[in-house]
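Asks: Per the UniProt record's numbering, numbering through the sequence shown is continuous, rising by one, with the last residue being 751.
Where is the CB? At the ideal position from N, CA and C, for every residue including glycine.
Before anything else, here's the structure in question.
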Amino acid sequence: MAAKKIIAICQSGGDFVTDKDGSLSYSGGEAFAIDINEQTSLSDFKSEIADMFSLSSDNMSIKYFLPGNKKTLITISKDKDLQRMVSFLGDSLTVDVFVASDEAAARNVSNMPGSRSSRTTVSEAVGVPIVAPANAVLGMTDAIDDVDMDMPNETPIDCLPINIIEHHKAAQVWENTITGVDQRFNSFNEFREALHKYSIAHGFAYRYKKNDSHRVTVKCKAQGCPWRIYASRLSTTQLICIKKMNTMHTCGGAAVKAGYRATRGWVGSIIKEKLKISPNYRPKDIADDIKREYGIELNYSQAWRAKEIAREQLQGSFKEAYNLLPFFCEKIKETNPGSIVTFNTKDDSSFHRLFVSFHASISGFLQGCRPLIFLDSVTLNSKYQGNLFAATAADAEDGIFPVAFAVVDAEDEDNWTWFLRELKSAVPTSSQLTFVADFQNGLKQALADVFDKCYHSYCLQHLADKLNRELKGHLSHDARRFMISDFYSAARSPRLEGFQRDTELIRAISPEAYDWIIQSEPEHWANAFFGGARYNHLISTFGQQFYSWVSEAHEFPITQMIDELRGKMMEAIYKRRVDSSQWITKLTPCNEEKLQKETAMARSFQVLLTQGSTFEVRGENPQVLAVVNIDHWDCSCKGWQLTGLPCSHAIAVIECIGRSPYDYCSRYFTTESFRLTYAESIHPVPNVDRPIEDELPEVTAVAVTVTPPPTKRPPGRPKKKQPESIDMMRRQLQCSKCKGLGHNKKTCKES
């Protein structure tokens, strides 16, 4: 294969110019073109460049831009760097290469971006700010403090050194925020904010000498510098006026080494608009942008705290959102009549729990969904943490249908009991319900207490994870993998003999595992024993789509988080209603396809009447495949009972007696049931984050106060520890000498 050829347009003798967006362009000089490929050595490349520009190849600097990034220059210093440049260019046929002698590069350092070796990856290079000149390094800056800049008597602490880039375009517009004596402001906060911007634009640090509600005196932080300013309240008015100002800096102003203040409130106000457009604005990118545009260097935690402040400015206060819960609950019930929305507080008025079930969810479940509910919980990584409980159902197409959800302060038996009682009052039904749910954290007892006649199917995934954890360290990776596979087979087996066959396979691997499985109440999870109708749903994490909505909204204040979930549910209901209006079959498309597949298989079967409504179904040979009782909707293969749709054996009998298979399908799989599920709409709730003041007295006249729960999110990044699945289990060490686990033959104690 021919080597990839690139035309390197080599330029020298010009200067770099910084554009408005921070990108660089090269102006002046002369250019020559050179053919290079992945086999070209750096010494040959330098030699050819040296001949063209009359430079010394031993005293030469070569740089280039990565595709799509005109803010960072990459340095070529060895052969591998040159090869990487060719590789980075992809399908490009040309590349701009900038050549200068080392002396010229040093003279132009103030105009050049921070060079990087081409070992820098593309992801690292994108968005890297221009590095400041060496002679512009500042002293210590004031940290982003917990107290915002506009608060009197603020005492920021010193933090990391910062770099000022000369002529920051973003800060130039602030050069005249302070004009001099007699300038007036509406408040001291406005004056302090103007002074803050003025100091950034002029590149000096200051400190407060007096700072109270009557007067503010500020002086330059540099020792002996006479610059100072004094402002006080204008007599008989609320205006603030600059009374004295010495504008002279003996410290050199922006030309000297200095630091200036940067509070998290100020940074938050700067990044607020960008955060609104890009909610995933990363702290690292915030720090890079602030450094490039204002010359202030922030560490990660400072940028993170600034993002939290900006988010609160955009979304409202987390604390205030709890206090708005009474108003919010009334608004939901007002805009969505028939909805059940309740909340509880503790004795100290702190938030305890909130239950929400929209009328459209209640009606949809009762009218069109199977009497099957999935219960699960998810941890909220919000400012005040907590858990979200969810009760979801399956529509006719096996799509997720949220019935109710709750935000609680902790996952325990008390909160689960309360949630289930609220759920029972929201969806009163004469049908015997089946719940697919975990059996830990008090949920097993809560279900037995509230729904005493329900069927509780243990979530198979939670069971498998528990079994896997308890046997970890006792069995090898492969042994556990086979055991978990046999466990799932035993659970799905519709008949007793199949269950016994699979559990015997587990006994052969581990008698302890066999005993654990037999003692884990198989009547709650094995098809061979379970009495309820699960429609082949064995795990409680059915509502993954709903939990993905929660993960997108969990960082919002509580009222906005609930409204985000409401909006997602509203959109899903509308979309599915529109989609189903195009369906023309009696069953939904998914179930129609299943029925046709079973019908095609039934055509090869023979049907014999034994007595009454009982039939034998045989294959092409005389062997009996199944026994079907058409009146009881029962087949010995158990497929009809487990799914709600007639199996191929049943369809063979149904067609033999001249009836339609559609008459023997559960009504929950019909297009009509699907449409009934999504017949009602969820309506918007206006003014969630910013209620109109005239509306508040009607609700808050009772003077209900709700404060945030005492639990707050711990510092640092949340740990995302997922349950170990059988596919992700790490292979354990196994000694080749004693066959023991957890060590190898070198560390074996028997040696």
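Taking DSSP as the reference, what is the three-state secondary structure of residue 333?
Replies: Note: residue 333 maps to helix in three-state DSSP.
Asks: When you compare the CB positions of residue 184 and residue 241, do they come within less than 7 angstroms of one another, or not?
Replies: Result yes, Cβ atoms of residue 184 and residue 241 sit closer than 7 angstroms.
Asks: Round the Cβ separation of residue 300 and residue 279 to the nearest angstrom and send it over; I've been treating them as touching at under 8 angstroms.
Replies: Their Cβ separation, rounded to whole angstroms, is 18 angstroms, which puts residue 300 and residue 279 out of contact at 8 angstroms.
Asks: Does the Cβ of residue 137 have 16 or more other Cβ atoms within 10 Å, making it buried, or fewer, making it exposed?
Replies: Because the pLDDT of residue 137 is 30, which lies under 50, any placement of that residue in the model is unreliable, and the number read from its coordinates should be weighed accordingly. Exposed, by the Cβ-count rule.
Asks: Have a look at residue 181 and residue 218 and give me their C-alpha separation to the nearest angstrom.
Replies: Each residue's Cα considered, the two are about 14 angstroms apart.
Asks: How should residue 591 be labelled, buried or exposed, when 16 other C-beta atoms within 10 angstroms of its C-beta is the threshold for buried?
Replies: When all chains shown are included, residue 591 counts as buried.
Asks: Rounded to whole angstroms, what's the CA-CA distance from residue 355 to residue 18? Just pull it up for me.
Replies: Computed Cα separation, rounded: 56 angstroms.
Asks: Using DSSP with H/G/I as helix, E/B as strand and the rest coil, what is residue 19?
Replies: The answer is coil: DSSP assigns residue 19 none of H, G, I, E or B.
Asks: Taking the C-alpha atoms as reference points, what is the distance between residue 747 and residue 479?
Replies: Cα-Cα distance, rounded: 23 angstroms.
Asks: Find the nearest neighbour of residue 60 within the set 195, 376, 638, 77, judged by alpha-carbon distance.
Replies: The option with the nearest alpha carbon to residue 60 is 77.
Asks: When you compare each of 208, 609, 477 to residue 222 by their alpha carbons, which one comes out closest?
Replies: When each option's Cα is compared against that of residue 222, the closest is 208.
Asks: Between residue 273 and residue 517, what straight-line distance do the alpha-carbon atoms span, to the nearest angstrom?
Replies: Using only the alpha carbons, I get a separation of about 56 angstroms.
Asks: Are residue 420 and residue 525 close, meaning C-beta to C-beta below 7 angstroms?
Replies: Not a contact, by the Cβ cut-off of 7 angstroms.
Asks: Just confirm the distance between the C-beta atoms of residue 86 and residue 4, as a whole number of angstroms; I'd bet it's less than 8 angstroms.
Replies: That pair is a contact at about 6 angstroms.
Asks: Starting from residue 10 and walking both ways along the alpha helix (DSSP H), at which residues does that stretch end?
Replies: From DSSP, residue 10 is part of no alpha helix (DSSP H) but of the beta strand (DSSP E) over 5-12.
Asks: With distance defined between alpha-carbon atoms, name the residue in 353, 529, 378, 187 nearest to residue 239.
Replies: The residue with the shortest Cα to Cα distance from residue 239 is 187.
Asks: Note down, in chain order, each residue of its chain lying with its Cβ closer than 8 angstroms to the Cβ of residue 50, except the 5 sequence neighbours on either side.
Replies: 56, 57, 60, listed in sequence order.
Asks: For a quick check, are the C-beta atoms of residue 179 and residue 197 less than 7 angstroms apart?
Replies: Not closer than 7 angstroms, so no.
Asks: Are there three or more Cβ pairs, one per stretch, closer than 8 angstroms when the region 620-637 is compared with the region 348-364?
Replies: With a cut-off of 8 angstroms, the region 348-364 and the region 620-637 do not count as touching, because too few Cβ pairs lie within range.
Asks: Any idea if residue 323 is buried or exposed, counting beta-carbon neighbours within 10 angstroms, 16 or more meaning buried?
Replies: Residue 323 should be labelled buried.
Asks: Tell me the rounded alpha-carbon separation between residue 683 and residue 211.
Replies: Using only the alpha carbons, I get a separation of about 50 angstroms.
Asks: With a floor of 3 residues, list each beta strand (DSSP E) that falls wholly inside the region 187-273, ordered by position along the chain.
Replies: Counting only runs of 3 or more, we get 206-211, 215-220, 228-233, 240-246.
Asks: In terms of residues, what are the limits of the beta strand (DSSP E) holding residue 353?
Replies: Element bounds for residue 353: 351-357.
Asks: With distance defined between alpha-carbon atoms, name the residue in 13, 402, 556 nearest to residue 382.
Replies: Comparing Cα-Cα distances from residue 382 to each of 13, 402, 556, the minimum goes to 556.
Asks: DSSP on residue 679, reduced to helix/strand/coil?
Replies: Coil at residue 679, not helix or strand.
Asks: Residue 685 to residue 330, Cα distance in whole Å?
Replies: Rounded to whole angstroms, residue 685 to residue 330 spans 10 angstroms at the Cα level.
Asks: If residue 404 and residue 426 are in contact, beta carbons under 8 angstroms, what's the gap, nearest whole angstrom?
Replies: Rounded, the Cβ-Cβ distance is 6 angstroms, consistent with contact.
Asks: Unbroken alpha helix (DSSP H) runs of length 4 or more, entirely within the region 409-453: which are they?
Replies: The qualifying runs are 413-426, 443-450.
Asks: Which residues does DSSP pair with residue 24 in a beta bridge?
Replies: For residue 24, which the question treats as bridged, DSSP gives the partners 18.
Asks: Comparing alpha-carbon positions, which option in 607, 530, 615 lies nearest residue 621?
Replies: The candidate whose alpha carbon is nearest that of residue 621 is 607.
Asks: What's the C-alpha gap between residue 412 and residue 442?
Replies: About 6 angstroms.
Asks: Applying the criterion that 16 or more other CB atoms from any shown protein chain within 10 Å of the CB defines a buried residue, is residue 744 buried or exposed?
Replies: Exposed, since its Cβ has fewer than 16 Cβ neighbours within 10 Å.
Asks: Exposed or buried, which one is residue 173 when buried takes at least 16 other CB atoms within 10 Å?
Replies: That one is exposed.
Asks: Output the boundary residues of the alpha helix (DSSP H) element that contains residue 653.
Replies: Looking at the DSSP string, the run of the alpha helix (DSSP H) that includes residue 653 is 648-656.
Asks: Just verifying my parser: in three-state terms, what is the DSSP assignment at residue 668?
Replies: Residue 668 falls in the helix class under three-state DSSP.
Asks: When you compare each of 619, 598, 629 to residue 609 by their alpha carbons, which one comes out closest?
Replies: Looking at the Cα atoms, 629 is the closest of the given residues.
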